[in-house]
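**Q** Quick one: structure below, then a few questions.
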Amino acid sequence: MCGLFNGLPFVQEYLTCHFCSIFLSFFINLKILILLQKAVNFVFLIEVPAVTGWQGYMRHRG
Numbered sequence: 001m002c003g004l005f006n007g008l009p010f011v012q013e014y015l016t017c018h019f020c021s022i023f024l025s026f027f028i029n030l031k032i033l034i035l036l037q038k039a040v041n042f043v044f045l046i047e048v049p050a051v052t053g054w055q056g057y058m059r060h061r062g
């Protein structure tokens, strides 16, 4: 296997790029999930129902 990779550097480069793209997409998805979780927590923590929207929230805050 190592001899194959030494003989074909472009395959190794392709695999490295492929791994990096998988890692990047996973990382971005993780960040999006964390942001969604924070948004959900924010919505549930405030006492205003989500139906009233932003204006109701601002009115509630005074």
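If you use full-length UniProt numbering, the sequence shown corresponds to residues 1 to 62, in order. Positions of the beta carbon are idealized from the N, C-alpha and C atoms, including for glycine. The model shown is predicted, which means the values in this text are computed figures rather than measured ones.
Given L30, which residues of its chain have a CB within under 8 Å of its CB, disregarding the five upstream and five downstream residues?
**A** Nothing meets the Cβ criterion.
**Q** In angstroms with no decimal places, state the Cα-to-Cα distance between F42 and I34.
**A** Spanning the two alpha carbons is a distance of roughly 12 Å.
**Q** Out of curiosity, what's the CA-to-CA distance linking F27 and F19?
**A** If you take the alpha carbons of F27 and F19, they lie about 12 Å apart.
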